[in-house]
Every structure is written in structure tokens, then in C-alpha cells.
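Student: Chains as they are written, first to last, in our numbering: chain Y, 26 to 597; chain F, 49 to 148.
I'd like to ask you about the structure that follows.
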């Protein structure tokens, strides 16, 4: 027997021998012991089951015909206990028992060995089955590891969803003008949608797509959304917000991570849509009435790669009407494949935008579903439609505030002068208006004060210092031109300043806030502006008209270089 | 298909696969490690085989650029197919790499 190998090199395997014939039992036990096995035995199925539970053998040799419980029943019972664990069971056959072979396999037998036993065959069969057992058990361990890993990942996704819900969505303001579709997985894919109104009732929106997945993307989305909501609430424009988010992400993210994003701002006063596109696929501005589709290309680097100075984001301005719909999306929808692997593509989206009665948004989704067919939902889809609807009812979204000012009205003055270098870099209005809130606590009137200051400041800068002509804005093309020229002249500005002056005096039930904006530009003929307003020559007068509605007085002096508006408030 | 790379003097050439995406990350990392080992001052990414890039591929390119000292001339992307060029254009990578 010198040629017969011992079972496992390192450990001794335990064999269970089940046979009702004592001589057979002793013979087989003896052979196995000689082969190096540790042997236990049982005289029938019932005892086998008990020994199995008690000893947990590595391999079982099972006779078929036995009293009490036969080998097939015992095998079935053992397999049931083992569940997904594996122990090889070899049936011992001989004589008439061969007719049960099929039943043996069905009950969970792995092999057969015929009486009388040949030690070489016995050893080979046992070893090969023990090897299979070992492989099987290793695989089970790996399977359990993978399952545990998967459970861990699911839990992380849940955390990502909660983080996203509580941090990223916390400041989200529902808008009747923003319609969106995000598949649940797109959150984990790093897509974010942010939306909020500024104090001047402009609608700011950000659609972004982080490189990275799950919890990583959610963590990076948190600072971006906090900046977005914080700065929007303070009235900053999308350029400042873009630069701030970019600076933060550039510092925060490793080299290979970035945020592809588009920021958009819709202004119900000027009907201006401004966009800053940073690395998302082309967007479409669709005119529902004419069917015209304008493509908005990405013309900036994604955020978080270079410094904000290098980024120097380009902001585009388009005058829109209530017929315009801006379709924004991340790459999932463009890349969504059909059964032959063809992407939905830009054409797939564009073909849905037509002058039909049906909602173009729904059409895109339906058409995408038809394209994907049975494999729908394989991709993470994020689609957003910004409706440029200026119906005033849709813009009354600000929550009503308690209109009482808690602070005692008092006498104070505040002035600040910004030279041309400062004006190039920042818009001082949000910070100034915020500091007024600190001084007098005029929070209930924040929006009005913000609006008046913004309009007066914009007039001083655009017309006073930059010498821009509002009549440019009369055509949609001219509108964009106006903003382009504005940026150009601002970059070249080499002299001048703007002074903001605020003074407050109390009266019986409230107070009077005077807002004065003074520029060193060339001035203008105020009478002409007033005539324009009377004749409702729309384009230049809108801001001034608005100020007149809000304020008790608006006067120009010093050849139009100084504008003085008086805002009166009352606690009654 | 996978990433292959070779060095010749001070130039590193990386050939990107048909699908250049997250799956290429490990191999791309080892190609970048070749920069450490030798005196490389120019990296050339040959994209003639590539028909698809995803955002993690763009991230890998940024990682490479970072490694090369962030100069625009240090990394060139050559033989870009139109569909890949479109994606690079959307990301405005022309500002960061020399494209052809």
C-alpha cells in the first residue's frame, strides 16, 4: 500500500462509515484508518444522522439498504442540515442495491464505490472528493465576502442618499419653472441639481456631474451646494458663485476629480437668461412657438481643475420669451444605448423638440425609453427643463416673512467707494445690503432694498462708467452684444469709481432709508430717460420703473451722475 | 485591448484602448509611474484606437498633466477621432492640453 497517498497533508480528515453489517463496517473502517483517516461509524441511517451532527465528518461512506432509516433518506436529511455547506457522500453499492443509483444521486450522493473495495480506488475517490470539498468551501467563503462587501456598498449608497438629501437638497427651492427627471442611481453617479431664488427674485440653477461615484461624489457635492445656496440667498450672480465653487473644489479635490456643471440664471425683470457652461454636454434652448433650437455649447473648463483666475468663466446672455425652454442634461442620456449599442445622442433629444402640443420634456423621456427598449434604466438619466415662463404667479415663490422690524429705528449713515479695480473684481451690492441688515435689521424689506440698490448700481456702472447704450438691448442679438461689450469695457476700465451711500432716519412708526449711488462717469440726460419711460420704450426703463414702484421717490442730480432713492418702511 | 506605453529618450508615448474609461485606471497609473522612473519631459497620448472616453478617463489625463508639472505643452493628445474630440471639446480640454 506504499503507493497510496495519505489524505490531506496538513490535517487528518474524518470519515463517517455507515453500514448495518458489522463486518462491512469494520472492513471499510480499517481500510480508511490505514489510509490515514480518523473514522467514526454508524449502524443505520438514524445513528448516522446523530453521529453526523455530533462529529461533523469531512466525508461520508453510506450503505443503501439499512433498517430504521435507509441510506437515501439519511443522505436527504444530512443535505438538508448542511444547507449550502458541502460534505461529499459516497454510496457503498453491491448486489441488488444498484437499482437505487438514480435515487442516490437525486438525494445528494456524489459518487459510488463497489464492494468488494479496492484500496487504490477508494483512496483516489475519497481524495478527489475532498479536494472538491475544499474548493467548494473556499468559494463559499469568497461568496460570503462578496455578499458582505455588497451589503456594505448598499449601506454606503444609503448614506450617500441621506447625505445628498440633507445637505445637497436642503436649500432646494421648488420652482414651477424647473422640471426634472433624475433616476435614483444618478445621485450615486454624482449628478446634482440645485435651484434657488435670489433676494431680487432671480432664479439660479446648477446642474452638475462629478467624476466619481457614490459617497465620494456626495461628499464633494456638499460644499458646492452650500456655496450655491448661501451665495444665492445673498444675491450673488452665477459668475461669482461659479468662481467660488471652483476655488473651493480646486483646493478640495484630487487632480483627477472635477465637477462638470452648468449654472443658469433667469431674470424675470429683464427676461435675460444667463448661462455659464463648464463641461456638460451641449444644452438646447428650444423656442416652443417657432420650433427654433439654439445649441448652448460648453465653453469653459469643468470646475475644480484650474484656479478661478485661469478659469475666467465666460457668461452668456440671451434674451428669452415665455416660449423658451432650456433643456439641460448630463452625459447619461446622450450615451444611453439601444439593443444594437447605438447611443441616443444629441439628435435623439433634438428630434423630440418640435412645435407639438405634447410636452417636449415627456417626449424626450418617452423617446429615450423606446430607444432603450427592454434595457431601459441601464443608464443613469438626468434631464432638466427650465421653462422661461414669466407669468408673475410663477414668481411669487418667496415665503411670506414676518414684516415687523424688531430693531429700534435709529439714525445712521454708511458709505463706501469702489474704484475701477474693485469694480472689475466684484459686485459689492450683496455684501453692502447684508451689512444694512446687520445695522437696522430690515430683513422683511431685504428684497426690495436689494433690488433698488442692484438697479441703481447697474445703471451707474453700465451707463455711467462703461458708457453703454441701452438701445443695444432692443433686439435679442443686441442683448447678447450688450453683455459682451459690457464685459469688454469692464476689463479695459482704467479710471473712475462708484460711491454707494446709505442713510437712515427713524420716523413715527418706522423709518426712511435713503439709497444714493454716485458715479464719476459722463452722466446722461435724465429727461430723455423719463420720456422713454412715459412712452414705454421698454428696454432701458424697466429698472427705473421698478424702483419708482418700490420707493417713495427717485431723483437724479449732477447731470444724471447721482441717483437718490428713498425707501420708506413702517411696522404698522 | 489595453493600454500600452513606451518611452523613447525623454518622451513617453501612451496608446489608449478602444474604450478609455475607469477600467483602464490601473494600467494608466502604471504608465504614469514610468515618468517617475525616467527623465520624461513630454507625454504623448495616441488616441487613434479610442472611440469612447468617460469622465474618469478625463480625470486620468488631468492626473498625468499634474504629474508633468501642469504645463500645457508637456502633454499632447494626438490622433483623436471626431467622437472623442467632441468629448474633449465639451470639457474644453484644448485649454489644458495640446490637441490634434
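Just so you know, even glycine gets a beta-carbon here, dropped at the ideal spot from N, CA and C.
These numbers were taken from a predicted model, which means no experiment stands behind them.
Whose Cβ in chain F lies nearer than 8 Å to the Cβ of residue 330/Y?
Tutor: Simply 110 and 144.
Student: If you draw a straight line from the C-alpha of residue 34/Y to the C-alpha of residue 46/Y, how long is it?
Tutor: Low per-residue confidence applies at residue 34/Y: pLDDT is 48, beneath 50, and the placement is therefore not dependable enough to give any value.
Student: Could you check whether the Cβ of residue 107/F sits closer than 9 Å to any Cβ belonging to chain Y?
Tutor: yes
Student: Do the stretch 119 to 137 of chain F and the stretch 286 to 294 of chain Y meet, that is, are 3 or more Cβ pairs less than 8 Å apart?
Tutor: no
Student: Mapping the DSSP letters down to three states, classify residue 548/Y as helix, strand or coil.
Tutor: coil
Student: Can you tell me which residues form a DSSP beta bridge with residue 221/Y?
Tutor: 229/Y
Student: By Cβ distance, which residues of its chain are closer than 8 Å to residue 110/F, with the 5 residues on each side in sequence left out?
Tutor: Taken in chain order, the residues that qualify are 144.
Student: Of all the options 470/Y, 216/Y and 104/Y, which has the alpha carbon lying nearest to the alpha carbon of residue 131/Y?
Tutor: 104/Y
Student: Thinking C-alpha only, which one of 218/Y, 300/Y, 99/Y and 482/Y is nearest residue 505/Y?
Tutor: 300/Y
Student: What are the start and end residues of the beta strand (DSSP E) that includes residue 278/Y?
Tutor: No beta strand (DSSP E) holds residue 278/Y; DSSP gives it neither H nor E.
Student: In this structure, what does DSSP give as the bridge partners for residue 139/Y?
Tutor: 118/Y
Student: Determine the chain F residues that contact residue 304/Y at a beta-carbon separation under 8 Å, and present them in chain order.
Tutor: 138, 139 and 140
Student: Quick one: what's residue 522/Y bridged to in DSSP?
Tutor: 444/Y
Student: According to DSSP, is residue 26/F helix, strand or coil?
Tutor: What is shown of chain F runs 49 to 148, which leaves residue 26/F out entirely.
Student: Only counting the same chain, and skipping five residues up and downstream in sequence, which positions put a Cβ closer than 7 Å to that of residue 184/Y?
Tutor: Beyond the five residues adjoining it in sequence on each side, residue 184/Y comes within less than 7 Å, by CB distance, of 240 in the same chain, given in chain order.
Student: Assign residue 455/Y to one of two classes, buried (16 or more other C-beta atoms within 10 Å of its C-beta) or exposed (fewer than that).
Tutor: buried
Student: Sort 584/Y, 588/Y and 310/Y by Cα distance to residue 289/Y and report the nearest one.
Tutor: 310/Y
Student: Going along the stretch 77 to 100 of chain F in order, which residues come within less than 7 Å of chain Y, judged by CB to CB distance?
Tutor: none
Student: Would you identify the three-state DSSP class for residue 129/Y, choosing helix, strand or coil?
Tutor: helix
Student: Alpha carbon to alpha carbon, how far is residue 576/Y from residue 593/Y?
Tutor: 7 Å
Student: Just to confirm, are residue 441/Y and residue 518/Y a CB contact at a threshold of 9 Å?
Tutor: For residue 441/Y and residue 518/Y, no; Cβs fall outside 9 Å.
Student: If you draw a straight line from the C-alpha of residue 83/F to the C-alpha of residue 284/Y, how long is it?
Tutor: Distance between the alpha carbons of residue 83/F and residue 284/Y: 27 Å.
Student: Nearest by alpha-carbon distance to residue 470/Y: which of 538/Y, 523/Y, 331/Y and 446/Y is it?
Tutor: 538/Y
Student: Within 10 angstroms of its Cβ, does residue 114/Y collect 16 or more other Cβ (buried), or is it exposed?
Tutor: buried
Student: Taking contact to mean at least 3 C-beta pairs separated by less than 8 Å, is the stretch 257 to 271 of chain Y in contact with the stretch 371 to 386 of chain Y?
Tutor: no
Student: Quick one: complete beta strand (DSSP E) runs, 3+ long, within the stretch 54 to 101 of chain Y?
Tutor: 63 to 67 and 84 to 88
Student: Is the Cβ of residue 417/Y closer than 9 Å to any Cβ of chain F?
Tutor: no
Student: Measuring alpha carbon to alpha carbon, tell me which residue in 52/F, 147/F and 57/F is nearest residue 130/F.
Tutor: 147/F
Student: How is residue 531/Y classed by DSSP in three states: helix, strand or coil?
Tutor: Strand at residue 531/Y.
Student: Would you kindly check if the distance between the Cβ of residue 139/F and the Cβ of residue 106/F is under 9 Å?
Tutor: yes
Student: Go to residue 296/Y, then tell me how far its alpha helix (DSSP H) extends in each direction, as first and last residue.
Tutor: First-last for residue 296/Y: undefined, no H or E at that position.
Student: Buried or exposed, going by whether 16 or more other CB atoms sit within 10 Å of the CB of residue 277/Y?
Tutor: exposed
Student: Along the chain, which unbroken stretches of the alpha helix (DSSP H) at least 4 residues long are found entirely within the stretch 324 to 384 of chain Y?
Tutor: 333 to 336, 356 to 360 and 370 to 375
Student: What does DSSP give as the partner residue(s) for residue 145/Y in the beta ladder?
Tutor: Residue 145/Y is not bridged to any residue.
Student: What are the partner residues of residue 580/Y, as DSSP defines its beta bridges?
Tutor: 589/Y
Student: For the structure I just gave you, are there three or more beta carbon pairs, one from the stretch 185 to 203 of chain Y and one from the stretch 158 to 173 of chain Y, closer than 8 Å?
Tutor: no
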